[in-house]
Amino acid sequence: MSRAILISAVGLTAWAAAGAEVSKDWKIVAPPQATPVVKYAYDRAAELLKKDLAEGAGLDLEIVREVPASGHAIVLGADAARAAGLETEDLAWYDNAIVEKDGNLYLFGNDRARSKDQPRWEWSKAALPTVGAATRFLH
771 MSRAILISAV GLTAWAAAGA EVSKDWKIVA PPQATPVVKY AYDRAAELLK KDLAEGAGLD
831 LEIVREVPAS GHAIVLGADA ARAAGLETED LAWYDNAIVE KDGNLYLFGN DRARSKDQPR
891 WEWSKAALPT VGAATRFLH
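Laid out in C-alpha coordinates, this is it:
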(Lines of atoms letter the chains of each structure in order from A; the text may use other names.)
(Lines give C-alpha, C1' and ligand atoms only; values in the text may rest on other atoms or scores of the structure.)
Protein backbone atom coordinates (compact mmCIF):
# COMPACT_ATOMS: atom_id res chain seq x y z
CA MET A 771 0.00 0.00 0.00
CA SER A 772 1.19 3.58 -0.62
CA ARG A 773 2.42 5.64 2.27
CA ALA A 774 -0.42 6.27 4.67
CA ILE A 775 -0.83 9.75 6.11
CA LEU A 776 -3.29 11.59 8.24
CA ILE A 777 -3.98 15.18 7.27
CA SER A 778 -5.96 17.07 9.84
CA ALA A 779 -8.31 19.97 9.38
CA VAL A 780 -5.71 21.94 11.33
CA GLY A 781 -3.12 21.14 8.65
CA LEU A 782 -5.45 22.26 5.87
CA THR A 783 -6.24 25.42 7.83
CA ALA A 784 -2.52 26.17 8.23
CA TRP A 785 -2.09 25.69 4.50
CA ALA A 786 -4.98 28.07 3.85
CA ALA A 787 -3.45 30.64 6.24
CA ALA A 788 -0.20 30.40 4.24
CA GLY A 789 -2.08 31.62 1.17
CA ALA A 790 -3.19 28.46 -0.63
CA GLU A 791 -6.68 28.42 -2.12
CA VAL A 792 -7.74 25.25 -0.31
CA SER A 793 -11.47 25.68 -0.92
CA LYS A 794 -10.92 26.06 -4.67
CA ASP A 795 -8.13 23.51 -5.03
CA TRP A 796 -9.76 20.68 -3.05
CA LYS A 797 -12.96 18.71 -3.72
CA ILE A 798 -14.70 15.89 -1.87
CA VAL A 799 -15.42 12.95 -4.19
CA ALA A 800 -18.41 10.70 -3.44
CA PRO A 801 -18.26 8.33 -6.43
CA PRO A 802 -21.42 6.78 -7.85
CA GLN A 803 -22.11 3.26 -6.58
CA ALA A 804 -24.21 0.38 -7.87
CA THR A 805 -25.41 -0.54 -4.38
CA PRO A 806 -27.92 2.02 -3.02
CA VAL A 807 -26.88 1.59 0.63
CA VAL A 808 -23.17 2.18 -0.15
CA LYS A 809 -23.98 5.21 -2.34
CA TYR A 810 -26.12 6.60 0.49
CA ALA A 811 -23.28 6.06 2.98
CA TYR A 812 -20.75 7.81 0.72
CA ASP A 813 -23.13 10.73 0.21
CA ARG A 814 -23.65 11.11 3.97
CA ALA A 815 -19.89 10.79 4.66
CA ALA A 816 -19.18 13.47 2.01
CA GLU A 817 -21.74 15.78 3.61
CA LEU A 818 -20.18 15.15 7.04
CA LEU A 819 -16.71 15.99 5.69
CA LYS A 820 -18.03 19.14 4.01
CA LYS A 821 -19.90 20.32 7.11
CA ASP A 822 -17.17 19.58 9.64
CA LEU A 823 -14.35 21.04 7.51
CA ALA A 824 -16.47 24.17 7.02
CA GLU A 825 -17.24 24.51 10.73
CA GLY A 826 -13.86 23.43 12.05
CA ALA A 827 -11.49 24.88 9.48
CA GLY A 828 -13.52 27.43 7.55
CA LEU A 829 -13.15 25.44 4.31
CA ASP A 830 -15.95 25.33 1.73
CA LEU A 831 -15.24 22.20 -0.29
CA GLU A 832 -17.46 21.15 -3.18
CA ILE A 833 -18.82 17.58 -3.35
CA VAL A 834 -18.38 15.98 -6.79
CA ARG A 835 -18.85 12.48 -8.31
CA GLU A 836 -15.50 12.07 -10.12
CA VAL A 837 -11.88 12.77 -9.21
CA PRO A 838 -11.06 16.13 -10.82
CA ALA A 839 -8.37 16.26 -13.51
CA SER A 840 -6.66 19.14 -11.72
CA GLY A 841 -6.48 20.24 -8.11
CA HIS A 842 -6.78 17.86 -5.18
CA ALA A 843 -9.51 15.68 -3.73
CA ILE A 844 -10.59 13.75 -0.67
CA VAL A 845 -11.85 10.59 -2.37
CA LEU A 846 -14.20 8.06 -0.76
CA GLY A 847 -14.32 4.34 -1.48
CA ALA A 848 -12.19 1.34 -2.42
CA ASP A 849 -13.26 1.37 -6.09
CA ALA A 850 -11.80 4.84 -6.54
CA ALA A 851 -8.68 3.83 -4.60
CA ARG A 852 -8.19 0.78 -6.86
CA ALA A 853 -8.70 2.95 -9.94
CA ALA A 854 -5.86 5.16 -8.64
CA GLY A 855 -3.60 2.11 -8.35
CA LEU A 856 -3.83 1.58 -4.59
CA GLU A 857 -3.89 -1.91 -3.15
CA THR A 858 -7.13 -2.65 -1.34
CA GLU A 859 -7.11 -6.46 -1.21
CA ASP A 860 -5.31 -6.62 2.15
CA LEU A 861 -8.11 -4.88 4.02
CA ALA A 862 -9.71 -7.12 6.61
CA TRP A 863 -13.44 -7.16 7.24
CA TYR A 864 -13.85 -3.73 8.91
CA ASP A 865 -10.43 -2.18 8.25
CA ASN A 866 -10.17 1.23 6.64
CA ALA A 867 -7.30 3.25 5.26
CA ILE A 868 -6.32 6.86 4.71
CA VAL A 869 -3.74 7.07 1.93
CA GLU A 870 -2.21 9.92 -0.06
CA LYS A 871 -1.41 9.38 -3.72
CA ASP A 872 -0.63 11.95 -6.39
CA GLY A 873 -1.84 14.82 -4.22
CA ASN A 874 -5.22 13.22 -3.49
CA LEU A 875 -6.34 11.74 -0.18
CA TYR A 876 -8.15 8.38 -0.38
CA LEU A 877 -10.42 7.24 2.46
CA PHE A 878 -11.60 3.68 1.91
CA GLY A 879 -12.54 0.31 3.31
CA ASN A 880 -14.13 -2.94 2.18
CA ASP A 881 -17.73 -1.67 2.03
CA ARG A 882 -20.41 -4.34 1.65
CA ALA A 883 -24.16 -4.49 1.58
CA ARG A 884 -26.02 -7.70 2.38
CA SER A 885 -27.33 -7.72 -1.18
CA LYS A 886 -26.97 -5.57 -4.29
CA ASP A 887 -30.60 -4.46 -3.88
CA GLN A 888 -30.37 -3.58 -0.17
CA PRO A 889 -32.28 -0.30 0.21
CA ARG A 890 -30.40 2.77 1.39
CA TRP A 891 -32.42 3.07 4.61
CA GLU A 892 -30.99 -0.28 5.79
CA TRP A 893 -27.49 1.22 6.13
CA SER A 894 -27.17 -0.18 9.67
CA LYS A 895 -27.19 -3.70 8.18
CA ALA A 896 -24.17 -3.04 5.93
CA ALA A 897 -20.41 -2.96 6.57
CA LEU A 898 -19.27 0.59 5.76
CA PRO A 899 -15.63 1.04 6.85
CA THR A 900 -15.17 3.94 4.41
CA VAL A 901 -17.44 5.95 6.72
CA GLY A 902 -15.09 4.94 9.55
CA ALA A 903 -12.14 6.31 7.56
CA ALA A 904 -13.99 9.62 7.08
CA THR A 905 -14.74 9.96 10.79
CA ARG A 906 -11.17 8.92 11.68
CA PHE A 907 -9.86 11.61 9.30
CA LEU A 908 -12.05 14.23 10.98
CA HIS A 909 -10.99 13.09 14.43
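Quick note on this note's numbering: the sequence shown kicks off at 771 and runs consecutively.
For each residue, glycine too, the CB sits at the ideal point set by N, CA and C.
In this text, all values refer to a predicted model and were calculated from it rather than measured experimentally.
- Non-local beta-carbon contacts of Ala851 in its own chain, meaning distances under 6 Å to residues more than five positions away in sequence, involve Thr858, Tyr876 and Phe878 in chain order.
- In the structure shown, Arg906 falls within a helical segment according to DSSP collapsed to helix, strand and coil.
- For Ala843, no alpha helix (DSSP H) encloses it; the enclosing beta strand (DSSP E) starts and ends at His842 to Leu846.
- Our two residues, Ile833 and Glu817, have alpha carbons roughly 8 Å apart in a direct line.
- Residue state for Gly873 is assigned as coil, using DSSP reduced to three classes.
- DSSP places Glu817 in the helix class (H, G or I) of the three-state scheme.
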